[in-house]
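Numbering (the numbering used here), first residue to last: 42 to 128. Even glycine gets a Cβ: it sits at the ideal position worked out from N, Cα and C. Please read the structure below before turning to the comments.
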Amino acid sequence: MIRIVAFLVLSLGLVLASPGAAPAQIRLDLRDVDLRSFIQLVSEQTGRNFLVDPEIQGQVSVYAPVSVTPAAMYEIFLNVLEMNGLT
Numbered sequence: 042m043i044r045i046v047a048f049l050v051l052s053l054g055l056v057l058a059s060p061g062a063a064p065a066q067i068r069l070d071l072r073d074v075d076l077r078s079f080i081q082l083v084s085e086q087t088g089r090n091f092l093v094d095p096e097i098q099g100q101v102s103v104y105a106p107v108s109v110t111p112a113a114m115y116e117i118f119l120n121v122l123e124m125n126g127l128t
């Protein structure tokens, strides 16, 4: 009897266990943000390192109507760099 109860408890634990943590979601609603601050935000959210030229300056506005994953944020970042002639 104890084995049956233990089996049921373990089985229930497997059924209720989540399949894994969902990827982090990032909300982007940035208006006239300093480019250096944007680079730092992308670095923090994606876990990537960037070397920033001391001459880099300017402001960017980025809006995503839905939350994005860190991978999507990185793609947005690359587009921002390209649009500003920084690639």
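Work out the CA separation of residue j and residue i for me, nearest whole Å.
i           : j           : result
residue 86  : residue 118 : 11 Å
residue 69  : residue 104 : 5 Å
residue 128 : residue 101 : 15 Å
residue 116 : residue 95  : 23 Å
residue 77  : residue 67  : 18 Å
residue 65  : residue 82  : 14 Å
residue 89  : residue 122 : 15 Å
residue 106 : residue 72  : 14 Å
Just mark residue i as buried or exposed, buried being the case when its beta carbon has 16 or more other beta carbons within 10 Å.
i          : result
residue 97 : exposed
residue 91 : exposed
residue 93 : exposed
Looking only at DSSP bridge pairs, what is residue i linked to?
i          : result
residue 75 : 100
residue 70 : 104
Kindly indicate which three-state DSSP category residue i falls into: helix, strand or coil?
i           : result
residue 109 : strand
residue 93  : coil
residue 120 : helix
residue 127 : coil
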